[in-house]
Each structure stands twice: as structure tokens, then as C-alpha cells.
Amino acid sequence: MRERMHALTTPEAVEQFIHSHPVVAIFKAGTCHKTMQGWGNLERMLRDRPQIPVGIIRVIEHRPASNRVAEITGITHHSPQVIVFRDGQAIFDLDNWDITLEKLEPLFQEHLPDVKVEPSQSHGSNLEPYKRLLDAYLGGAVGEAQFQWTYLNMFREDASLRSQEEFELLNSLFGNPDTHHVHPMAILQHEQQNPSSLSLRERAAALREKLEALEASMAD
Numbered sequence: 061m062r063e064r065m066h067a068l069t070t071p072e073a074v075e076q077f078i079h080s081h082p083v084v085a086i087f088k089a090g091t092c093h094k095t096m097q098g099w100g101n102l103e104r105m106l107r108d109r110p111q112i113p114v115g116i117i118r119v120i121e122h123r124p125a126s127n128r129v130a131e132i133t134g135i136t137h138h139s140p141q142v143i144v145f146r147d148g149q150a151i152f153d154l155d156n157w158d159i160t161l162e163k164l165e166p167l168f169q170e171h172l173p174d175v176k177v178e179p180s181q182s183h184g185s186n187l188e189p190y191k192r193l194l195d196a197y198l199g200g201a202v203g204e205a206q207f208q209w210t211y212l213n214m215f216r217e218d219a220s221l222r223s224q225e226e227f228e229l230l231n232s233l234f235g236n237p238d239t240h241h242v243h244p245m246a247i248l249q250h251e252q253q254n255p256s257s258l259s260l261r262e263r264a265a266a267l268r269e270k271l272e273a274l275e276a277s278m279a280d
């Protein structure tokens, strides 16, 4: 999925992207929980349609790019928002809490019936929530602060359910001073006081690859 994500930071990039493929999707990312939910649902739909690239606009940082989408389409800006284009024309859009699987699925079926669906083999993966979150961060759909807080709270909720191998791998992203428990605030404070030589993005990219390898080994 990550190689089909494109960060759209300028009006010119928006115009070029819309005409780059027969079908493209643009996701406007905000900073609230609606963005995480909306992105997760859109990403799940696009995972089964690998031929559709997605352009991500971080609205706070790149508002001119977001404004250009509104100018081109005539669609009122919302954040989060997903707009799907065919041959350069917007064919459907959803905003805010409406970006759900229940609403996305019939829209894709109605407007893109000829787009081949290739069901992912990993929808039931035990590590899929982390992979999706890492993809969202690495692809630019969520910012660093939102990613940190979401990741650590997710890990806190299910750490006790993980195997030792999974726990150690997921725990390795941050400098957690406690090898048995997950306390988000303590971890973030430790991260600030003991910065790693690698950026969070570099560590996240490495973890993403390790999770893929772990899943492959478990499938063998």
C-alpha cells in the first residue's frame, strides 16, 4: 500500500496526480480521531484494489493543495474527506464520520464495477491494526504526535494478549523503560529524554518490514 501513497503538498501536485491514472483517490487528513477511522476504512477498500493510487493531503500543513481540490471539483472542503476521481472527474466523495465501510463499499461497486478486486490475504492478520497504523503514518495520513499516542494506546490495550515475540517487536519502536508494561505517558517522556539516533519515521519503517517478515514466518 505504501508505494501507492503520494503526499500532495502543492496545487500543482494535486492537478498532476488527478490525471496520473484512470482512477485515483484523494484523502484529506485532519488531526482528529475521525481521520484515523476514515483512513482505516478507505485503506481497507484500496488494499483490495491495488491499481488505485491514493494522494494524501495533510490539510493543516498544505491548505493550498486542499483548496485546489475544492476549486477543481466544486466539492465543499471537509477534513477528513475522501474523493475518488475517474478520468480527472470526481465521481463520489464522503466526509467526516461518513467514511465508513458501509458507505464506501456500495459506492465503489456502483461507480467502479470494472475495477478488479484482489482480496488481501492479510485482512485477518493479528498484526494488521499495527500495519495499518504504520502505513498511515509512513504515508502521511496521520502526523507524528497522533501516531505516537494511537500506537501506544493500542499497544497498551492488547500487550498482555501478545506472544513474547510480538510483544518485544512491538515494544521496540519506542525506548520503553519497562519491559513488561506499557505506560504511554512514561514512554513518551522517556523518548524525549533519551532520543534515538534514528528518527521515529526510520524506526517505524523498519518495524513495518519486521512485522511483514514475522507474519510470513508464522504463515509457513
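Letter by letter, the sequence shown follows residues 61 to 280 of the numbering used here.
Just so you know, even glycine gets a beta-carbon here, dropped at the ideal spot from N, CA and C.
Remember, it's a predicted structure, so these values are computed and weren't measured experimentally.
Just list the residues that DSSP pairs residue i with in beta bridges.
i: LYS88; result: ILE117 and GLN141
i: VAL83; result: ARG146
i: MET65; result: VAL114
Do residue i and residue j have their C-beta atoms within less than 8 Å of each other?
i: ILE116; j: ALA201; result: yes
i: LEU164; j: LEU154; result: yes
i: LEU230; j: PHE207; result: no
i: GLY98; j: ILE151; result: no
i: GLU178; j: PRO124; result: no
i: ASP195; j: GLU262; result: no
i: GLU275; j: LEU187; result: yes
i: ARG128; j: PRO71; result: yes
i: SER257; j: GLY235; result: no
i: LEU198; j: ALA265; result: yes
Which one of the options has the shortest CA to CA distance from residue i?
i: LEU161; options: THR210, ASN186 and ASN101; result: ASN101
i: LEU267; options: TYR190, THR210 and ASN236; result: TYR190
i: ALA219; options: ASN236, ALA276, VAL114 and VAL242; result: VAL242
i: PRO113; options: ALA273, THR133 and SER80; result: SER80
i: GLU121; options: PRO82, GLU131 and ALA89; result: ALA89
i: VAL60; options: ASN156, PHE168 and GLY134; result: In the structure as shown, the chain starts at 61 and stops at 280, and residue 60 therefore has no counterpart that could be examined.
i: GLU131; options: ARG118, HIS93, LEU248 and GLU75; result: GLU75
i: TRP157; options: THR95, SER126 and THR136; result: THR95
Under the rule that 16 or more other beta-carbon atoms within 10 Å means buried, what is residue i, buried or exposed?
i: MET65; result: buried
i: HIS138; result: buried
i: ASN254; result: exposed
i: GLY148; result: exposed
i: SER232; result: exposed
i: LYS176; result: exposed
i: GLN141; result: buried
Please decide whether residue i counts as near chain B, where near means a Cβ-Cβ distance under 8 Å.
i: TRP209; result: Of the protein chains in this structure there is only one, and it is not chain B.
Quiz item: Going along the chain, which unbroken runs of the alpha helix (DSSP H) with 4 or more residues stay wholly within the region 226-266?
Solution: Runs found: 244-253.
Exercise. Taking only runs that begin and end inside the region 138-211, name each unbroken alpha helix (DSSP H) of 4 or more residues, in chain order.
Key: DSSP runs (the alpha helix (DSSP H)) wholly in the region 138-211: 161-171 and 188-199.
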